[in-house]
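Undergrad: In this text, residue positions in the sequence shown follow this note's numbering: the first is 163, and each later residue adds one.
Quick one: the structure is below, and I'll ask about it shortly.
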Amino acid sequence: MQGFDATTPASTSKPSTGFSKIYQTALVFEAVLNYTFEGITQGNYFVRLHFSPFPIENHNVNDSSFSVFADGLRLMRDINIPGEIAHKNLILQGSSSNATASSLVKEFLLPIGQGKLVLSFLPEKGSFGFVNAIEMVSVDDKLFKESVTKVGGSEVELGLGGHGIETMYRLNVGGPKLGPSQDLKLYRTWETDSSYMVIENAGEDVKNSSDVTYALPNDSPVAPLLVYETARTMTNTEVLEKRFNISWKFEVDPNFDYLVRLHFCELVVDKQNQRIFRIYINNKTAAGNFDIFAHAGGKNKGIYLDYFDPVSSKNDILWIQLGPDTSVGASGTDALLSGLEIFKLSKNGNLAHLIRFDSTGHSVDDSKMRIIWICVGSGVATLILVMFLGILVVCICKKRRLKSDESKNNPSGWRPLFLHVNNSTANAKATGGSLRLNTLAASTMGRKFTLAEIRAATKNFDDSLAIGIGGFGKVYRGELEDGTLIAIKRATPHSQQGLAEFETEIVMLSRLRHRHLVSLIGFCDEHNEMILVYEYMANGTLRSHLFGSNLPPLSWKQRLEACIGSARGLHYLHTGSERGIIHRDVKTTNILLDENFVAKMSDFGLSKAGPSMDHTHVSTAVKGSFGYLDPEYFRRQQLTEKSDVYSFGVVLFEAVCARAVINPTLPKDQINLAEWALSWQKQRSLESIIDPNLRGIYSPESLEKYGEIAEKCLADEGKNRPMMGEVLWSLEYVLQLHEAWLRKQNGENSFSSSQAVEETPESFTL
163 MQGFDATTPA STSKPSTGFS KIYQTALVFE AVLNYTFEGI TQGNYFVRLH
213 FSPFPIENHN VNDSSFSVFA DGLRLMRDIN IPGEIAHKNL ILQGSSSNAT
263 ASSLVKEFLL PIGQGKLVLS FLPEKGSFGF VNAIEMVSVD DKLFKESVTK
313 VGGSEVELGL GGHGIETMYR LNVGGPKLGP SQDLKLYRTW ETDSSYMVIE
363 NAGEDVKNSS DVTYALPNDS PVAPLLVYET ARTMTNTEVL EKRFNISWKF
413 EVDPNFDYLV RLHFCELVVD KQNQRIFRIY INNKTAAGNF DIFAHAGGKN
463 KGIYLDYFDP VSSKNDILWI QLGPDTSVGA SGTDALLSGL EIFKLSKNGN
513 LAHLIRFDST GHSVDDSKMR IIWICVGSGV ATLILVMFLG ILVVCICKKR
563 RLKSDESKNN PSGWRPLFLH VNNSTANAKA TGGSLRLNTL AASTMGRKFT
613 LAEIRAATKN FDDSLAIGIG GFGKVYRGEL EDGTLIAIKR ATPHSQQGLA
663 EFETEIVMLS RLRHRHLVSL IGFCDEHNEM ILVYEYMANG TLRSHLFGSN
713 LPPLSWKQRL EACIGSARGL HYLHTGSERG IIHRDVKTTN ILLDENFVAK
763 MSDFGLSKAG PSMDHTHVST AVKGSFGYLD PEYFRRQQLT EKSDVYSFGV
813 VLFEAVCARA VINPTLPKDQ INLAEWALSW QKQRSLESII DPNLRGIYSP
863 ESLEKYGEIA EKCLADEGKN RPMMGEVLWS LEYVLQLHEA WLRKQNGENS
913 FSSSQAVEET PESFTL
């Protein structure tokens, strides 16, 4: 063993925890350090590595970087402890717990079969490492089962023998932090869950410390009873038939398999069929029709469920969500969770995922990779240039031969659509490395239509079938031979701006799938045409049902459901990928309604990828629609998801007032809808300016809450606006308030309304 001891200076403040003494010293190593434990009884062990940085003489602890192995299994790779701690504090920021971390504990479950364990610490070349303490705790074999349920599937063998597990998260849901002294079986730490909730006020704490037991006596090692004595349930239980989920969001390492353990204990209801809900893991249904009371055999009995979920190489987020199961006739529509654990399973002798954080907690890998790709790109560009010069003459000759034939088949000025590495449409003919439209087709763009099929469906692009027009060209209503109705977007030649937006929409729609986003069915690129085929939205735009047409006015419930549907689509855009997507053109003409009035977001031509982890915004030229444009984005040219939230706030006022967002024929103080409606809302008098068609058929309480949401969305600074998920949850609540009012009207006054018999939407998955 090589290394030297370091001791924290007396003036250094250390964590005020039960571990404070062990964090006052550390073993520092500049070469390979092997730490051997011998005479160990065969079995499974929790091995905990404790780290707490402090000033070390002649060493800058912020520059430390090292890896750790356990008998050949890689546990950690080139880890920087201060950066890891800073990153954790970024996650903890903003929650009501006000927690901060000054130390790091990495916990692994390792099988030991030879009576010996060797931990190897390897500093990165030119760097060093340190460790404050190593802890080993024997684990009962019953802690993990041999087989578990795969999310959305059947039982799978877990097979822990010869493999390792890392504890990623361990939470006491709805309760306080529990230290090792409160978990006397395995001396674990259980964090609070508030920092990981998507919307913290979507759940409320419940507690019952009397007579809580384990449903099965052998489950005592699984979790201390203190975990089962508290829980988190959904808020506002007085409102029946909820349609929202309570959600937790966790950063995980991609391309690993995970074991998710959920702890339950019914603390409130005292018989079956009073609390039935669904469990979602990564937007997949893990369990439906789940009744804690029935599964545990009574009240105050702790149980747990294990689920196996593989995370793809492109996904670094794991979602846990609970929501009412509206498909069954439960007397209550609530959900409850007591505890939550997430374990990462080793793969090919590895538990480590390389990601570096700087002293502020932000990832430094993105910038390094950009430098690498710039260097690689320069070399590749040189090679391509040489090849290009070599074949240029051949291309010119071939083009001359084809030119006359193409002119017979193609409209003047039309050219193939390219998806460019540099996103430059204007330079399509001079750009190397372009990607033809049909390159995406095989896997992501659906059916490839012939031009003859498109012409037949649109009666040769008959203008009477045109249902929309934009910078890209026209949208036609079409009908296939089997009677299927479709929407056909045909790009216009010569319009460079339109082509750029058209190209962006292809890129976005080829990788987006959601119930509340308009679906791409296929494409056509024959004879250099640029045509996309979408699902047909029979009821057109939301705006057409609000004003400016002879269509029947929408009920208050229909307007709420349209806003909820579009909010779901936007929430998916913002959170459904690593960086998220900002729509940038949220307005009522881009919210389409299908035959059942289900709302879907459309037109992604202006959309932009959101900021990377180490940035707060995207710097870009201002684009959007006047009247909906975020004033902060307009002033600073800094785009964030909150820009969409502002635009959506305008949509909310437009939906309730049923007038144009800009109307220059009105008095000066009424020209801009957002400013005018906001002034009335701040006086708590929104009901004075709502659509006359709504008067008498809405609940005042729901309108009051609705106005508050819109007001928050229109905050002048983005930091003061809610996230789209919070807007979504709040609108769901508004709908429930209105439905409760309708039921009361029906019961007391024999009130008859189409709203009263309409079905509410299914509970959503974030």
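From the three backbone atoms N, C-alpha and C, an ideal C-beta is built for every residue, glycine too.
Quick caveat: nothing in here was measured; it's all calculated off a predicted structure.
Mark GLY205 as exposed unless 16 or more other C-beta atoms lie within 10 angstroms of its C-beta, in which case mark it buried.
TA: It is exposed - the Cβ of GLY205 has fewer than 16 other Cβ atoms within 10 Å.
Undergrad: So, at 8 Å on beta carbons, what are the nonlocal neighbours of PHE452 in its own chain, with the 5 sequence-adjacent residues on each side left out?
TA: ILE438, PHE439, ARG440, ILE441 and ASP487
Undergrad: Leaving out five residues before and five after LEU899 in sequence, what residues of the same chain have Cβ atoms less than 7 Å from its Cβ?
TA: The answer, listed in chain order, is VAL401, SER861, GLU863, SER864 and LYS867.
Undergrad: Could you name the residues of the same chain whose beta carbon sits closer than 7 Å to that of GLN720, not counting the 5 residues immediately before and after it, in chain order?
TA: PHE759
Undergrad: Grab the span of the alpha helix (DSSP H) containing TYR390 for me, first residue to last.
TA: Where TYR390 is concerned, the enclosing alpha helix (DSSP H) stretches over 387 to 390.
Undergrad: Taking only runs of the alpha helix (DSSP H) that begin and end inside the stretch 200 to 273, which ones reach a length of at least 4 residues, in chain order?
TA: List check, alpha helix (DSSP H) in window: 243 to 254.
Undergrad: Going by the CB atoms, is the gap between LEU340 and PRO386 shorter than 8 Å?
TA: yes
Undergrad: Closer than 6 Å by C-beta to ASN752: which residues in its own chain qualify, once you throw out the five before and the five after it? Chain order, please.
TA: SER764 and ASP765
Undergrad: Return the CA-CA distance between TYR197 and SER728, expressed in angstroms with no decimal places.
TA: Taking the straight line from one Cα to the other gives about 57 Å.
Undergrad: Would you give the residue range spanned by the alpha helix (DSSP H) that GLU803 belongs to?
TA: That run of the alpha helix (DSSP H) goes 803 to 819.
Undergrad: Counting only the same chain and skipping the five closest in sequence on each side, list residues whose C-beta sits under 6 Å from that of SER282.
TA: ASN196 and PHE231
Undergrad: Among the residues of its own chain, which have a CB less than 8 Å from the CB of LEU647, if the five just before and after it don't count?
TA: Around LEU647: ARG639, GLY640, GLU641, TYR698 and ALA700.
Undergrad: For the beta strand (DSSP E) that PRO862 lies in, which residues bound it at each end?
TA: PRO862 -> not in any beta strand (DSSP E); alpha helix (DSSP H) instead, spanning 862 to 875.
Undergrad: Identify whether THR447 lies in helix, strand or coil by the three-state DSSP scheme.
TA: strand
Undergrad: On a Cα-Cα basis, can you pick out the residue from LYS651, LEU378, SER850 and GLY710 that is closest to LEU682?
TA: LYS651
Undergrad: Under a three-way DSSP split, which group does LEU498 fall into?
TA: In the structure shown, LEU498 sits in a strand (DSSP, three-state: E or B).
Undergrad: What are the boundary residues of the alpha helix (DSSP H) that includes GLY365?
TA: Boundaries around GLY365 are those of the beta strand (DSSP E), 365 to 369, since no alpha helix (DSSP H) includes it.
Undergrad: At the level of alpha carbons, what is the spacing between ILE693 and THR750?
TA: 24 Å
Undergrad: Buried or exposed: ASN417, going by 16 or more other Cβ atoms within 10 Å of its Cβ?
TA: exposed
Undergrad: Return the first residue and the last residue of the alpha helix (DSSP H) that THR737 is part of.
TA: 718 to 737
Undergrad: Can you grab the Cα-Cα spacing for the pair LEU513 / THR329, in whole Å?
TA: Each residue's CA atom was taken as its position, placing LEU513 and THR329 some 11 Å apart.
Undergrad: Can ILE274 and TYR207 be called in contact, C-beta distance under 8 Å?
TA: yes
Undergrad: Quick check on ARG905: does DSSP put it in helix, strand or coil?
TA: In the structure shown, the three-state DSSP call for ARG905 is helix.
Undergrad: Under 8 Å by Cβ, that's how I've got ILE361 and PHE412 pegged, so tell me the actual separation to the nearest angstrom.
TA: Not a contact, Cβ separation roughly 15 Å.
Undergrad: Hey, is VAL473's beta-carbon within less than 8 Å of any beta-carbon in chain C?
TA: The question asks about chain C, but that chain is absent: this structure has only one protein chain.
Undergrad: Looking at the structure shown, is GLU629 part of a helix, part of a strand, or coil, going by DSSP?
TA: It is Ile, not Glu, that sits at residue 629 in the sequence shown. In this structure, ILE629 counts as strand in the three-state DSSP scheme.
Undergrad: I need the boundaries of the alpha helix (DSSP H) containing TYR469, first residue and last residue.
TA: Premise fails: TYR469 lies in the beta strand (DSSP E), 463 to 472, not in any alpha helix (DSSP H).
Undergrad: With C-beta atoms as the reference, is PHE611 less than 8 Å away from GLY710?
TA: no
Undergrad: Would you identify the three-state DSSP class for ASP878, choosing helix, strand or coil?
TA: coil
Undergrad: Using only the alpha-carbon positions, how far apart do GLY234 and THR187 sit?
TA: 27 Å
Undergrad: Taking 7 Å as the limit between beta carbons, can you name the residues of its chain near VAL374, skipping five residues before and five after?
TA: LEU387, TYR390, GLU391, CYS427, ASN462 and GLY464
Undergrad: With ASP468 and LYS307 assumed to form a contact (beta carbons below 8 Å), what rounded beta-carbon distance in angstroms separates them?
TA: 6 Å
Undergrad: Exposed or buried, VAL318, counting other C-beta atoms within 10 Å across all chains shown (16 or more means buried)?
TA: Answer is exposed; the Cβ neighbour count stays below 16.
Undergrad: Report yes if the C-beta distance between LEU835 and GLU816 is below 8 Å; otherwise report no.
TA: GLU816 is positioned such that its CB atom lies closer than 8 Å to that of LEU835.
Undergrad: What does PRO486 pair with, by DSSP beta-bridge criteria?
TA: PHE439
Undergrad: For the alpha helix (DSSP H) that contains PRO793, what are its first and last residues?
TA: 793 to 798
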